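Heads up, the thing below is written out as structure tokens.
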Amino acid sequence: MSTETITIRLSPDEIARVDEMRGEGVSRSAFVRELLRRAGPLDEEPTYGEALVLLARSARGGKVQAQVALARELRGAQGDGDDGWLERILDGAHG
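Residues 40 to 134 (this note's numbering) are what the sequence shown spells out, left to right.
Structure representation (structure tokens):
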């Protein structure tokens, strides 16, 4: 198996997050490779809940369009007259 090398640049906060998540005895590169293996290809469309989680992450990251879209979606979900909208979203994100 041949290997190639890539270089990525991370902020100090991103490095701290990687170090916090990777655990003892795991190199940063091995941890990133494992994340890539787990991510795998996106063979199918995300569920509604997964899409909202991705949208929320972008919104929290400061993406204005994602913030607007998330606010619009949550307002629409609240307007359905269904009090279980948040539970549906969370269940879909974990199911």
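Cβ coordinates follow ideal geometry from the N, Cα and C atoms, glycine included.
Because the structure is a prediction, the values reported are computed rather than measured.
Relative to the C-alpha of residue i, which candidate in the options has its C-alpha closest?
| i | options | result |
| --- | --- | --- |
| L91 | R114, E63, R48 | R114 |
Taking 6 Å as the limit between beta carbons, can you name the residues of its chain near residue i, skipping five residues before and five after?
| i | result |
| --- | --- |
| A105 | L94, S97, A98 |
| R72 | none |
Could you compute how far the alpha carbon of residue i sits from the alpha carbon of residue j?
| i | j | result |
| --- | --- | --- |
| P51 | E89 | 28 Å |
| R61 | R67 | 7 Å |
| A55 | E63 | 14 Å |
| V107 | G101 | 11 Å |
Can you list the alpha helix (DSSP H) stretches of 4 or more residues lying completely in the stretch 76-104, in chain order?
-> 87-99
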